[in-house]
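Chemist: Residues 1 to 232 (UniProt numbering) are what the sequence shown spells out, left to right.
Sending over a structure as structure tokens; questions will come in a sec.
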Amino acid sequence: MSDRFAPPPSVLGLSRNALIAGGVILFHAAALWALQSGLLRRAAEVVIPVEILSQFVEPPRPAEPPPPPPPPPPQRKPEAVKPPPRPVAIREPKPTPAPSAPVGVPEPAPPTPIAEAPAPTPPAPPAPPPAPPAPRTIEISEGQTRYVREPKLVYPSMSRRLGESGTTVVSIYFDSEGFAKRVELFKSSGFERLDEAALSAARTAQVTPFRQTGGNAQTTYLLRAPFSFKLN
Numbered sequence: 001m002s003d004r005f006a007p008p009p010s011v012l013g014l015s016r017n018a019l020i021a022g023g024v025i026l027f028h029a030a031a032l033w034a035l036q037s038g039l040l041r042r043a044a045e046v047v048i049p050v051e052i053l054s055q056f057v058e059p060p061r062p063a064e065p066p067p068p069p070p071p072p073p074p075q076r077k078p079e080a081v082k083p084p085p086r087p088v089a090i091r092e093p094k095p096t097p098a099p100s101a102p103v104g105v106p107e108p109a110p111p112t113p114i115a116e117a118p119a120p121t122p123p124a125p126p127a128p129p130p131a132p133p134a135p136r137t138i139e140i141s142e143g144q145t146r147y148v149r150e151p152k153l154v155y156p157s158m159s160r161r162l163g164e165s166g167t168t169v170v171s172i173y174f175d176s177e178g179f180a181k182r183v184e185l186f187k188s189s190g191f192e193r194l195d196e197a198a199l200s201a202a203r204t205a206q207v208t209p210f211r212q213t214g215g216n217a218q219t220t221y222l223l224r225a226p227f228s229f230k231l232n
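Right, here's the structure in full:
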């Protein structure tokens, strides 16, 4: 039924060509009108510079991307605070049980050592003989003795010239045979030369042996003899 009302193909081709031709005529008519009215000139003035400028003006370069921001400084990790060590409980060592004595046959007791008899003490040495008694000194006077050799007194010549005089007392120690063994100055005359002359004379003295009661061979007899020096 639709085929009945559809136009023939020749009619469709003719209408299409008629439309194209009509459109071209209308375009040229509009262009002629625009040329006459100056609209086309204005369009040319506007369009031509834009086309020419588009040939010489380079398109703007794309803006360089901003440099990437510097990486943030590494953040120091906070050091972990170690918890204080827990106090370690010191365990007291368990007392070691004393080893139990082995049960066995008891050892026999060691024999009791026999005490040796002490060595005999050597006899004590005999006591030394008693020391001899110290020599006894008996003081005598000139009337109790007699000179066998009188002291030879010499007056120093220097003392004579200087006028030195005086009396010197000398202690003379005689042995039991009457020989002078030792002399000492008992009293000075005040002049050294006179005292030395008196001591020299006393050493030459000799008396008779002593036989007094209570004396022995070690007894010493002391005589204090004066020696006088007088100027004539």
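Beta carbons are placed, not taken as given, at the ideal position from N, Cα and C, and that holds for glycine.
Find the nearest neighbour of E139 within the set S189, L223, A31, judged by alpha-carbon distance.
Modeler: Residue L223 is the option with its Cα nearest to E139.
Chemist: Between the C-alpha atoms of P207 and N216, what's the straight-line distance to the nearest angstrom?
Modeler: Checking the displayed sequence, the identity of residue 207 turns out to be Val instead of Pro. Straight-line Cα distance between these residues: approximately 16 Å.
Chemist: Check I114 in the structure and name its three-state DSSP category.
Modeler: In this structure, I114 counts as coil in the three-state DSSP scheme.
Chemist: May I ask you to report which of helix, strand or coil DSSP gives L153?
Modeler: Reduced to three states, the DSSP call for L153 is coil.
Chemist: Quick one: Cα of L185 to Cα of S171, how far?
Modeler: So the two alpha carbons sit approximately 6 Å from each other.
Chemist: Beta-carbon separation of L153 and F227 under 8 Å?
Modeler: Cβ atoms of L153 and F227: closer than 8 Å.
Chemist: Measuring straight from C-alpha to C-alpha, what distance separates S200 and A131?
Modeler: C-alpha separation (whole angstroms): 35 Å.
Chemist: Measure the CB-CB distance between T220 and D175 and report whether it falls below 8 Å.
Modeler: Yes; because the gap between Cβ atoms is below 8 Å, this pair is in contact.
Chemist: Is L231 closer than 8 Å to S189 when the C-beta atoms are compared?
Modeler: Cβ atoms of S189 and L231: not closer than 8 Å.
Chemist: Is any heavy atom in the ligand ATP found nearer than 7 Å to the beta carbon of A127?
Modeler: As for the ligand ATP, it is missing from this structure, which has no ligand bound.
Chemist: Report the residue from I20, A205, P122, L26 whose alpha carbon sits nearest the alpha carbon of F145.
Modeler: Strictly speaking, residue 145 in this sequence is Thr, with Phe absent from that position. Nearest C-alpha to T145: A205.
Chemist: Locate the beta strand (DSSP E) running through A180, then write down its first and last residues.
Modeler: Unbroken beta strand (DSSP E) run through A180: 180-187.
Chemist: Could you pull out every residue in the same chain whose Cβ sits closer than 7 Å to the Cβ of F191, ignoring the five residues on either side in sequence?
Modeler: Answer for F191: S159, E164, G166, listed in chain order.
Chemist: Please classify S171: does DSSP put it in a helix, a strand, or coil?
Modeler: Residue state, collapsed to three classes: strand.
Chemist: Under 8 Å, do P156 and R193 count as touching if we go by C-beta distance?
Modeler: Yes, they are a contact pair.
Chemist: Taking a contact to mean a Cβ-Cβ separation below 8 Å, would you say A127 touches T168 in this structure?
Modeler: It is not a contact, given that the beta carbons lie outside the stated cut-off.
Chemist: Taking the DSSP output, what are the residues bridged to residue 234?
Modeler: An answer regarding residue 234 cannot be provided, because it is not within the stretch 1 to 232 covered by the chain.
Chemist: DSSP three-state call for F27: helix, strand or coil?
Modeler: The answer is helix: DSSP assigns F27 an H, G or I state.
Chemist: Just to confirm my understanding: we take P151, look at its own chain, exclude 5 residues before and 5 after, and list those with CB closer than 6 Å. What are they?
Modeler: Once the five neighbours on either side are set aside, the close Cβ partners of P151 are A201, A202, T204, A205.
Chemist: Enumerate in chain order the residues of its own chain whose CB-to-CB distance from A180 is below 8 Å, with the five nearest sequence positions on each side excluded.
Modeler: Excluding residues within five positions, the ones whose Cβ falls inside 8 Å are I172, Y173, F174, A202, R203, T204, A205, Q206.
Chemist: In three-state DSSP terms, what is L222?
Modeler: The answer is strand: DSSP assigns L222 an E or B state.
Chemist: From the DSSP output, in three-state form, read off G166 for me.
Modeler: The answer is strand: DSSP assigns G166 an E or B state.
Chemist: Under a three-way DSSP split, which group does E139 fall into?
Modeler: Of the three classes helix, strand and coil, the one that applies to E139 here is strand, per DSSP.
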